[in-house]
Structures are given as C-alpha cells and as structure tokens.
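Have a look at the structure below, then the notes.
There are 2 protein chains.
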Amino acid sequence: MSSAQTASHDVVAVGNAIVDVLAHADEAFLESHGMAKGAMTLIDAGRAEEIYRAMGPGVECSGGSAANTAAVVAALGGRPAYIGKVRDDALGAVFRHDIENAGVTFACAPSDNGSTTARCLILVTRDAQRTMNTYLGACRELTETDVDEALVAASQVAYLEGYLWDEASAKAAMKKAGAVARAAGREVALSLSDPFCVNRHRAEFQDLVKSDVDILFANEDEALALFESADFEAATNALRPHVKIAAITRGAKGCVVIAGNATYTVAAQAVYDVVDTTGAGDAFAAGFLRAHTMGFSPEVCGRLGNMAAGRIITHFGARPERPMADLYVQATA
Amino acid sequence: MSSAQTASHDVVAVGNAIVDVLAHADEAFLESHGMAKGAMTLIDAGRAEEIYRAMGPGVECSGGSAANTAAVVAALGGRPAYIGKVRDDALGAVFRHDIENAGVTFACAPSDNGSTTARCLILVTRDAQRTMNTYLGACRELTETDVDEALVAASQVAYLEGYLWDEASAKAAMKKAGAVARAAGREVALSLSDPFCVNRHRAEFQDLVKSDVDILFANEDEALALFESADFEAATNALRPHVKIAAITRGAKGCVVIAGNATYTVAAQAVYDVVDTTGAGDAFAAGFLRAHTMGFSPEVCGRLGNMAAGRIITHFGARPERPMADLYVQATA
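If you read the protein sequences in the order shown, they are chains A and B.
Quick note, the first sequence lines up with residues 2 to 334 if you use the numbering used here.
Quick note, the second sequence lines up with residues 2 to 334 if you use the numbering used here.
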C-alpha cells in the first residue's frame, strides 16, 4: 500500500467512544460542583452518578471527539472509519447505531464484560460554552489488537485523539495506528484535545509532534500549553519546523493554518445563533481533513473547517443533524 | 378533600412513560417504511428493531405525551406529579432522572421484570412534522394499583392521556384516576392524543367525554374524528353541552376554546423558526392547565397554551430546555 489513490477511506479516526448527556446549567452549578468551565475532566463512576443526579433533564446523543469528527467527515460526503471501544450494553448499541447510520465504518468490536459504555456529562451554560465530565468506562479497554492494520493502511489519514493518551492501553493503540499509517505511506493527524490533557502529557506530546505527526490540530490554549508559551506567534513558530501542517483554531476569530513557511489566517463564519459549542473543534478537524484529502489548499481546508464548526454550534450536540455538502461552494469560492 | 385550596399538586398527569429517539428523515423514508405521516403508530419489538436499524443517527430524550405536559407545567413554575410505568433499566433510569429533575413528582415504581422501557422512534421531516412509532414495552404493565389515590385526590386536575386507552390495564388505571379525582371534587382533563387513537375507541371516548371529563384537549382532526364530522363548528357545538371547557388546537391557526356558551378564538404566537413540532399539543395542554389552575380566564389559558407550544417547537424534542416563566407577562397582557 503506497499510494493515496488506492485508499478505501479518507480518514480513520481513533478515539474514546462516548455517549454524551447534555443539559443546560448555570455558572453556580459549575462552581458548586467544582467544575473547571470549558474543560474536559475525567471522573469515576461515583462522581458520574453524583453529577448526573444533580444535573437537569438531559438529551442523550452519541459523542466522543474523534467519533464526532468521523461523523462530520461523512456528512461532508467522505468515507470515514472509526475505531473506539464500547460495551455491549444499551448505550453501546446507541453509539453503534448512530455512527454507522451516519455513514461511518465502525471497525471495533464491543467488549462483553467490564465497565459500561462511556458517558460524558456535558453542562451547557447560557454563553453556549460546554463543560465536560467524562466517565471513560469501556473506553479503557481499547487495546492495540483493536487497531485493524489493513483498515489503517487503506485510509488516507489516521486521525488520533489526544484524549487517548490518558490510558496506557489506549495510548498503545494510538501509537500502533500511527506506526501502521506511516509504514503505509499515509499521513498521521493528531488533535491535542484539551489544554489540561496537554498539561498532563506535555513532554510526550512534544516528542510525538516532533517525530510522528504530519497534521496537528489544536486550539489556541492547547498550542500555548504545548510549549508553555504565552505568545501565540512564538508557539506557532515553535510548531512550524515539526509538522507539515498545523491548524490552530481561535474560537470566534477563526483559525490560523501553518504550512511550511506559509501562514494563513482564515476568518470564522459569522454565526448569529450559537446554541452549544460542543464539538466545534471536532467539526473543524473534519472539514479541514475532508478538504485536505480532496487535495484542496491549506486555506480552503481552514475555510471548510471553520464552516463545519460554524454549522455544528447552531444546535445542541456535536453530531451533524443533516448532510453538509452545501458548504463546499462557499468554502471554495 | 373537597377544596382546591388544599391541593399539593396542580396537575397529576397519567400516561405512557416513553423515551423518544428523534432523527431527521425524508418523505421517501416514511413511504418506504409504510408510515402514516404525522400519526402515532403502535409497533412491536421486531418492528421497532427494524425501524431503528434503518433510521438515521438519533437523539434520545425523555418523552411521553402526558409526561411532556407535566414537564412543561413545571417549567411554568407549577407543581405537577406524574404516573407512568418504566422498567428498571438504563432508559428507565434516564426517564426518571429527566422527569424528576424537571421538577415533577414521579409517583410510580418501575417494574423489575417484563418488557423494557418504552421507546418512541420519531422521524422529523423537513417541514418540522413528526411521525411517531411507539414500542409500548413496560407501559403495558401500568395497572390500577399504580394510581396513588391520595396523590390524585390532592391534585387540582387529573390529566389523562388518551393513548392509555389502547391497553386494557392502563385504561383501568386511567378510569380509576378519573374516579378518584371526581370523588375528591377535583377536575378531570382528557387529551384525545391522536385521530387514529380516537378512531380506535370512538364510542368509548364519546361516553367518557359526555360523563366523566371536565376539560377536553383535542386538535382539529381529533375533534372531527370524535363525532365523525367534517365540519369544525358542528364538532365544537356537539362537544359544548358535555364538557366545562374544550380547548381545540388548530396548528398555526392557534386554538378555539369553548366554555359554556362562550367561544374564544385565540391566535397562535408567530414562530419564525419551527424546528420540530413534537410535543406541541402536550405543551399547549400544560400552558392551558397551568393558567387554569391559577384561576385565569379561558382566553388567557388558551394564550398561555399557545405560547408554551410556540416555545417547544423552536427546538428538537418535546421537553422544555429552560424555565418558561417569562411567558406569563405576554399571556396576560
């Protein structure tokens, strides 16, 4: 397998397979439960039970960062695959249904024992910000043997979720996916996922970015955290020599794309009705990767990324409600 | 218990306790699966599996007609209670969490064996119409013994969902709730639920309306079906002598309220962004009943009903996303 022409999938995403439970909450709720607003915090089963008992009526929908990205790639007409671990329980069946029927090849068998399917308790505040509390459950059972080598080798890009780094066996699975992709002449993309996640694994993430990553996705906070920098330009210049492309999102300001010596600043879409920012970064990565695998310039990639993110934040939840094929005309104009 | 002043709850709602699974679909999907657009169809476990396999990625949220009504009464600042049967499974736990944390007293123990918690597979088409396929599951286990007599006697209005009439034991529970309410000097409200449901039970529903119902809720199609009439005015006049109040919704045209010799035509709120009409009738009943139990005139009741319905159709799902206390000022202006 040496040429992108023979790929059966444009993107194979590897990540934590999670069902989201979204509810509205006010700032006082976050404070009284000691939550860091805007962050993703790992919680155990007891804490999950405690938060769920306290939070308001919810909406359940499939989530997981890289899984959301795969679903948006499909909504953009791509042919994505996904590797992530659920349990063979009711929520696991929901996850499988949703990702498969979104048009994603779900290439990972459920576990038949151990922890239940992962849940992320997401509190959405009035400002449309989301604060996430993740009970990893069955995600912790993801191992190297779950990585289908032929599938990864047949995918143009292996997209890896930084969150996987929190668990030793999932980290091994992620490393294997990257190694298989590189050996097959494919590209490896990494999302830094969360500034707290970067802080937990800074040295390893730096090594990874320097040696094994072609395309890096980060938001501004994550990029700064990676090099413990307070200066955006310094952080991007520190990245420049190590990756082919770095796409750094800046919320309402859009994104900055670095490719070799070039730097592209791409303004965000104006979005008049931001409902819930859950999944904005995941959708950005999807739009970017979809355009990239179609051969578009880094600037068009950034634009399609911004537009996919702009679409996902107009509704509750991180998965697309409808196909997004209408975005191409404007992104390439 | 003889006076409304001593009531601990404004509304006790009795209905099928259901978790909704909502997905977008096109008209061709409804046709190819033989679905009657806009209707609620009862399905068995096999058909539920078949439809779920075929339908797109979904969003799970608690539903059930009378339960939605109870949740909206709570969002309007009321003190509702709810009686309906779930199983002690994962979806049953979701249902309980959502209704309790919406501020509703959930007064019914889950069953610990038999069918799973009910699911309603809802296909939402581009025109924001919903087509519902209900697997009743544990709802079929609702019996007379689930009706807490003291609770019903302590509630200003017993609100009964017509859908319960499809199952013999649930029907017995519904009849008991009505009898207890009347004996305690409370009011009995009935929702006709669905024109197909009316067609299935026309004679019994006519008897019920004539002898046991104070407040009747119906949409135009259900009111016409009840008297097999093609003429709206004839149908409303046929109802007039039998109930204290009839509130008949007419979609975008608002509602007509009949009370004795008086007829009030109440225009709908203008809603510019109709996303999903699931739960519009349920929310109407909630707004109406809440205003009614506060002593407002039938016209104000109709207005608060319209406004609650107008709010619920601006988002996916039938449960309120936020408190609705802001609606009173305009409804009483």
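Glycine is no exception: its CB is placed at the ideal position from the N, C-alpha and C atoms.
In this text the structure is predicted, and so the values were computed from the model without any measurement.
*asked:* So for Phe218(B), helix, strand or coil by DSSP?
replied: Within the second sequence, the letter at position 217 stands for residue 218(B). Note: Phe218(B) maps to strand in three-state DSSP.
*Would you say the region 245 to 252 of chain B touches the region 218 to 231 of chain B, given that touching needs at least three Cβ pairs under 8 Å?*
yes
_Count Cβ pairs between the region 309 to 317 of chain A and the region 89 to 106 of chain A that sit closer than 8 Å; are there 3 or more?_
no
*asked:* Between Ala271(B) and the ligand MG, is there a pair consisting of the residue's CB and a ligand heavy atom that are separated by less than 6 Å?
replied: No copy of the ligand MG appears in this structure; indeed no ligand is present at all.
*What's the gap between the Cα of Leu305(B) and the Cα of Arg88(B)?*
Here residue 305(B) is taken as the residue at index 304 of the second sequence, counted from 1. Here residue 88(B) is taken as the residue at index 87 of the second sequence, counted from 1. Straight-line Cα distance between these residues: approximately 34 Å.
*What is the rounded straight-line gap between the Cα of Val13(A) and the Cα of Val158(A)?*
Numbered from 1 along the first sequence, position 12 holds the residue referred to as residue 13(A). Numbered from 1 along the first sequence, position 157 holds the residue referred to as residue 158(A). Answer to the nearest angstrom: the Cα atoms are 6 Å apart.
*Would you kindly work out how many angstroms separate the C-alpha atoms of Ala5(A) and Tyr273(B), rounded to a whole number?*
As a first step, residue 5(A) is located in the first sequence; it is residue number 4 there, counting from the start. As a first step, residue 273(B) is located in the second sequence; it is residue number 272 there, counting from the start. Here the model assigns Ala5(A) a pLDDT of 47, short of 50, so the residue's position is not dependable and the matter cannot be decided.
*Note down, in chain order, each residue of its chain lying with its Cβ closer than 7 Å to the Cβ of Thr278(B), except the 5 sequence neighbours on either side.*
Numbered from its first residue, the second sequence carries residue 278(B) at position 277. Correct list, in chain order: Ala129, Gln130, Arg131 and Ile314.
*Going by DSSP, name the residue or residues bridged to Arg88(A).*
By 1-based counting over the first sequence, the position of residue 88(A) is 87. Residue pairing of Arg88(A) in beta bridges, as defined by DSSP: Ser112(A).
*asked:* Cβ closer than 9 Å: which chain A residues qualify as neighbours of Ala103(B)?
replied: On the second sequence, residue 103(B) is found 102 positions in, with the first residue counted as 1. By Cβ distance, chain A contributes Gly57 and Pro58.
*Would you please verify whether the beta carbon of Ala91(B) is less than 7 Å from any beta carbon of chain A?*
Here residue 91(B) corresponds to residue number 90 of the second sequence, with the count starting at 1. By this cut-off, Ala91(B) is an interface position.
*asked:* At the 7 Å Cβ level, is Cys121(A) part of the contact set with chain B, yes or no?
replied: Taking the first residue of the first sequence as 1, we reach residue 121(A) at position 120. With 7 Å as the cut-off, Cys121(A) does not count as an interface residue toward chain B.
*Using a cut-off of 7 Å between C-beta atoms, extract the partners of Asp327(B) located in chain A.*
Counting from 1 along the second sequence, the entry for residue 327(B) is found at position 326. Those within 7 Å of Asp327(B) in chain A number zero; the least Cβ separation is about 14 Å.
*Partner residues on chain A for Cys109(B), Cβ-Cβ distance less than 9 Å*: What you label residue 109(B) is simply residue 108 of the second sequence in a count that begins at 1. Near Cys109(B) there are no residues of chain A at all, since even the closest Cβ is about 17 Å away, more than 9 Å.
*Quick one, which of Phe197(B), Asn17(B) and Leu290(B) has its alpha-carbon nearest Lys86(B)'s?*
The residue labelled residue 86(B) in the question sits at position 85 within the second sequence. Ranking Phe197(B), Asn17(B) and Leu290(B) by Cα distance to Lys86(B) puts Asn17(B) first.
_Supposed close pair His34(B), Ile52(B) - CB separation, criterion 8 Å_ = Working through the second sequence from its first residue, we reach residue 34(B) at position 33. Working through the second sequence from its first residue, we reach residue 52(B) at position 51. That belief holds up - the Cβ atoms of His34(B) and Ile52(B) are roughly 6 Å apart, short of 8 Å.
*What's the C-alpha gap between Thr237(A) and Ile259(A)?*
Residue 237(A) sits at position 236 when you count from the first residue of the first sequence. Residue 259(A) sits at position 258 when you count from the first residue of the first sequence. Their Cα atoms are separated by approximately 8 Å.
*Quick one: give me the first and last residue of the beta strand (DSSP E) that Cys121(A) is part of.*
Your numbering for residue 121(A) matches position 120 in the first sequence. It spans Ala119 to Val125 - the beta strand (DSSP E) in which Cys121(A) sits, taken as one unbroken run.
*asked:* Based on DSSP bridge pairs, tell me the residues matched to Asp21(A).
replied: For the purposes of this step, residue 21(A) is identified with residue 20 of the first sequence, where counting begins at 1. In DSSP, Asp21(A) forms a bridge with Cys62(A) and Cys121(A).
*At what residue ranges does the region 171 to 203 of chain B contain a whole run of the beta strand (DSSP E), taking only runs of 3 or more?*
188 to 192
_First through last residue of the beta strand (DSSP E) which encompasses Arg251(A)_ = In the first sequence, residue 251(A) corresponds to position 250, counting from 1. Run containing Arg251(A): none; DSSP gives neither H nor E here.
_Strictly below 8 Å CB to CB, what residues from chain A border His98(B)?_
Against the second sequence, residue 98(B) aligns to sequence position 97. By Cβ distance, chain A contributes Tyr53, Arg54, Pro58 and Gly59.
*Can you tell me the Cα-Cα spacing of Thr294(B) and Asp11(B), whole angstroms?*
One-based indexing of the second sequence puts residue 294(B) at position 293. One-based indexing of the second sequence puts residue 11(B) at position 10. Approximately 6 Å, taken between the alpha carbons.
*Val330(B): buried (16+ other C-beta within 10 angstroms of its C-beta) or exposed?*
Counting from one through the second sequence, the residue named residue 330(B) turns up at place 329. Exposure of Val330(B) is indicated by the presence of fewer than 16 other C-beta atoms within 10 angstroms of its C-beta.
*Any idea which residues DSSP pairs Asn134(B) with across the strands?*
Sequence index remark: in the second sequence, residue 134(B) carries index 133 (1-based). Per DSSP, Thr42(B) and Leu122(B).
*State the DSSP-derived secondary structure class of Glu162(B), mapped to helix, strand or coil.*
As a position in the second sequence, residue 162(B) is number 161, starting the count at 1. In this structure, DSSP gives Glu162(B) an extended state, which the three-state scheme calls strand.
_Where Asn114(A) falls, given that 16 or more other Cβ within 10 Å makes a residue buried_ = Here residue 114(A) is taken as the residue at index 113 of the first sequence, counted from 1. Classification for Asn114(A): exposed.
*asked:* Please report the straight-line C-alpha distance between Pro242(B) and Phe233(B), rounded to a whole angstrom.
replied: Counting from one through the second sequence, the residue named residue 242(B) turns up at place 241. Counting from one through the second sequence, the residue named residue 233(B) turns up at place 232. Distance between the alpha carbons of Pro242(B) and Phe233(B): 16 Å.
*To the nearest angstrom, how far is it from the Cα of Ala67(B) to the Cα of Glu150(B)?*
Locating residue 67(B) in the second sequence gives position 66, where the first residue counts as 1. Locating residue 150(B) in the second sequence gives position 149, where the first residue counts as 1. It is roughly 18 Å from the alpha-carbon of Ala67(B) to the alpha-carbon of Glu150(B).
*Nearest candidate by alpha-carbon position, reference Ile19(B), set Val199(B), Ala269(B) and Gly318(B)*: The count along the second sequence starts at 1 and reaches residue 19(B) at position 18. Checking every option, the nearest Cα to that of Ile19(B) belongs to Gly318(B).
*Which residue or residues does DSSP assign as beta-bridge partners of Ser156(B)?*
Sequence index remark: in the second sequence, residue 156(B) carries index 155 (1-based). The partner list for Ser156(B) (beta bridge, DSSP) reads His10(B).
*Ignore the nearest five residues each way along the sequence and tell me which others in Gly57(A)'s own chain have a CB closer than 8 Å to its CB.*
Locating residue 57(A) in the first sequence gives position 56, where the first residue counts as 1. Result list for Gly57(A): Ala24, His25 and Ala26, in chain order.
*For my contact list, His316(A) and Val276(A) are in at a C-beta cut-off of 8 Å; report their separation, rounded to the angstrom.*
For the purposes of this step, residue 316(A) is taken as residue 315 along the first sequence, with counting starting at 1. For the purposes of this step, residue 276(A) is taken as residue 275 along the first sequence, with counting starting at 1. So it is a contact: roughly 6 Å between Cβ atoms.
_Pop quiz: Val415(A) and Pro81(A) are said to be a contact at Cβ under 8 Å. What is the actual Cβ separation, rounded to whole angstroms?_
Outside the displayed span of chain A (2 to 334) sits residue 415(A), for which this structure offers no information.
*Run down chain B in chain order and give the residues with a C-beta less than 8 Å from the C-beta of Cys140(A).*
Counting from one through the first sequence, the residue named residue 140(A) turns up at place 139. Chain B residues near Cys140(A): none, gap ~17 Å exceeds 8 Å.
*Please report the residue range of the alpha helix (DSSP H) in which Ala236(A) lies.*
One-based indexing of the first sequence puts residue 236(A) at position 235. Per DSSP, Ala236(A) belongs to the alpha helix (DSSP H) from Phe233 to Leu240.
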